[in-house]
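All remarks here apply to the structure that follows.
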Amino acid sequence: MGRRSGVLEFAVLGLLHDAPMHGYELRKRLNVLLGTLRAFSYGTLYPCLKSLVAQGFLVEDNPDDEYVPATALNGKRSKIVYRLSPEGKERFEELLADSGPDAWEDEHFGVHFAFFGQTDRAVRMRVLEGRRSRLEERLERMRNSLARARERFDDYTVELQRHGLESVEREVRWLNELIETERANRSGRTGPLTGGSSTAGSDKTSDGRGQEAGSPDPPGPPYDRPGRSDQER
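For the sequence shown, the numbering used here puts the final residue at 246, and the numbers step up evenly by one.
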């Protein structure tokens, strides 16, 4: 199964783990979960649903007492409700426990993070630390590329590369805070880290400027950091 279909399978099973849904509602929830830039069409969603049904992970229910088959004349379409089978629940738990390299990649990390509330703490830590390690490797390559770009390309191309570099740097700082929060909770300490913490404040951007206290969260998937109050958001 490809990466995109694997992400969709995980997201579908996770959403249906909360409650059964019909396809239209499921698609809306998927677009909220995964973001509009990765919106899924019915042409992508329904083959995935049919595959999960065929594998025994989902069960189709028709809640209508009087079902009228869809025809070209009446334009009606049955509202099939999808729910997890016991095998589907086991499959979701298996995906939740996965903390291997796939969980660190751009395509998978957001979905894993979306279900962190149901994920074991040790798995959360492995995924967060793996993601940070992957991004630190990416940063090294990007810094080398930026150094070469200053000699070969115009100012706008260099600025675009610097923008990408700083975006990754901000995500690394965000991951550092999440990891420190997880460690603090594990040790019984209270008080989650905030954007003005010493961890974030000590980092430098690619052009040597310090990250000021109280700076905004890094761009990317719109996830709230654990423990933030409504006022902070």
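Every residue, glycine too, gets a C-beta built ideally from N, C-alpha and C.
From a predicted model like this one, the values you see are computed outputs, not experimental measurements.
Anyone know if the C-beta pair for residue i and residue j falls short of 7 angstroms?
i, j, result
"L141", "I192", "yes"
"R40", "L62", "no"
"E127", "L46", "Looking at the sequence itself, residue 127 is Ala, so the reference to Glu does not match. Result yes, Cβ atoms of A127 and L46 sit closer than 7 angstroms."
"L21", "R42", "no"
"V181", "L148", "yes"
"E118", "F70", "no"
"R139", "S112", "yes"
For residue i, collect the residues of the same chain with a Cβ closer than 6 angstroms to its Cβ; drop the 5 residues on either side in sequence, then sort them by chain order.
i, result
"T132", "L109"
"T170", "none"
"D31", "none"
"H125", "A116 and V140"
"Q8", "One cannot answer for residue 8 here, as it falls past the ends of the chain, which runs 14 to 246."
"S210", "Low local confidence applies: a pLDDT of 42 at S210 is under 50, so the model's placement there is unreliable, with the coordinate-based value given in what follows. Here the set comprises nothing."
"S215", "The pLDDT assigned to S215 is 42, lower than 50, so where the model puts this residue is not dependable, and the model offers no usable value."
"P33", "V94 and R96"
"K92", "H35"
If we ignore side chains and look at the alpha-carbon of each, how far apart do residue i and residue j end up?
i, j, result
"G19", "E195", "27 angstroms"
"R165", "E179", "20 angstroms"
"Q68", "F23", "14 angstroms"
"D37", "E73", "A small correction: the amino acid at residue 37 is Tyr; Asp does not occupy that position in the sequence shown. Roughly 14 angstroms separates the two Cα atoms."
"R199", "E190", "14 angstroms"
"D115", "V25", "18 angstroms"
"S98", "G130", "21 angstroms"
"R183", "N75", "47 angstroms"
"H35", "R96", "9 angstroms"
"L134", "D167", "Inspection of the sequence shows that residue 134 is occupied by Arg rather than by Leu. Rounded to whole angstroms, R134 to D167 spans 46 angstroms at the Cα level."
"E260", "G143", "This structure leaves residue 260 out entirely; the chain is present only between 14 and 246."
"G123", "R137", "12 angstroms"
"R154", "G177", "12 angstroms"
"K217", "A197", "Here the model assigns K217 a pLDDT of 46, short of 50, so the residue's position is not dependable and the matter cannot be decided."
Take residue i and list the residues in its own chain whose beta-carbon comes closer than 7 angstroms to its own, dropping the five residues that flank it on each side.
i, result
"R222", "Legend: pLDDT at R222 = 44, less than 50; position of this residue unreliable, value from coordinates given subsequently. For R222, where only same-chain residues beyond five positions count, there are no Cβ hits under 7 angstroms."
"G56", "none"
"P60", "none"
In its own chain, which residues sit with a C-beta less than 8 angstroms from the C-beta of residue i, not counting the 5 before and 5 after it?
i, result
"E103", "none"
"G145", "The residue you asked about is not Gly; residue 145 is Arg in the sequence shown. Once the five neighbours on either side are set aside, the close Cβ partners of R145 are V185, L188, N189 and I192."
"H121", "R16, G19, V20, F23 and D115"
What residue range is occupied by the uninterrupted beta strand (DSSP E) comprising residue i?
i, result
"E73", "L71 to D74"
State the start and end residues of the unbroken alpha helix (DSSP H) segment that holds residue i.
i, result
"Q174", "D168 to R199"
"G130", "Segment: none, G130 is in no alpha helix (DSSP H) and carries neither H nor E."
"E106", "P99 to L109"
"K8", "The requested residue 8 does not occur in the structure, where the chain is confined to residues 14 to 246."
For the ligand SAM, any of its heavy atoms closer than 6 angstroms to the Cβ of residue i?
i, result
"K92", "Among the ligands in the structure shown, none appear at all, so the ligand SAM cannot be discussed."
*Could you tell me whether the stretch 155-164 touches the stretch 104-119, using the rule of 3 or more Cβ pairs below 8 angstroms?*
Touching, no.
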